[in-house]
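As structure tokens, the structure follows; a few thoughts come after it.
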Amino acid sequence: MIPQRRDVSAPRRKSLTDADKADWASYVRRVAPLPGRTVPDAPPEPQPEPPPEALIRPAPPPAAPRVPAPRAPTLSVGLQPGGLDSASWSRFRTGKLAPQRTLDLHGRTAQRAFHALNAFLHAAHADHVRCVEVITGRGSGEGGGILRRELPIWLNLPALRPLVLAASHPHAANTGSVRLLLRRPK
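If you're matching positions, the sequence shown starts at 6 in our numbering and goes up one per residue.
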């Protein structure tokens with residue numbers, strides 16, 4: 006549907022507010038009419054109509070306060086999460102629980118690595134995979150590589166946090182890879 010165009014040569018009609026009308030009436034009272042003209046009678050001030058009783062509604066009851074949805078606790082690499090028994094944590098942490106799939110992020114930019122990780126974890130979770138390994142590499146420099154630093158942040162994002170139960174390095178000397186224990190699909 007094409008909107009109709011307004012004739013730009015026609016003046017715009019704007020309704021006056023009560024304050025505008027009062028200002029105009031005050032101005033007109035102070036001005037003398039031209040010779041041969043009389044002052045028009047001021048129109049009677051309209052009385053505001055009381056609102057009909059049918060339109061007055063009682064205020065609705067106050068809404069119940071919103072309770073935010075419970076969030077999963079922050080995932081930390083190497084710390085045992087709540088809800089995982091000590092025997093399972095020990096098997097997972099020591100590397101006795103072998104990874105079923107591996108994702109190598111070497112040579113990828115941070116953006117491509119994140120998208121690959123996101124797709125990898127969602128696919129593994131959908132396939133009921135329990136343990137996966139993500140290789141970031143150690144990186145160079147003081148803080149290590151960008152992928153190694155960003156991985157814990159990515160795992161705590163709302164899109165990935167519900168999928169991952171625990172994270173640990175497979176060996177204390179190998180900080181360039183992280184094993185992830187995925188939650189069971191519901």
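For glycine and all other residues, C-beta sits at the position ideal for the given N, C-alpha and C.
Going by C-alpha positions, histidine 111 is about 59 Å away from proline 65. For isoleucine 140, the beta-bridge partners assigned by DSSP are Asp109 and Ser182.
In the three-state scheme derived from DSSP, where H, G and I count as helix and E and B as strand, valine 169 is classed as strand. The three-state secondary structure of leucine 102, taken from DSSP, is coil. In chain order, Pro86, Pro157, Leu160, Asn161, Arg166, Val169, Ala171 and Ala172 place their CB closer than 8 Å to the CB of leucine 80, counting only its own chain and leaving out the 5 sequence neighbours on each side.
Among the bridge pairs identified by DSSP, leucine 187 is matched with Val169. For serine 93, same chain residues with a beta-carbon under 7 Å away, outside a window of 5 residues either side, do not exist.
Remark: C-beta atoms of arginine 184 and phenylalanine 97 approach each other more closely than 8 Å.
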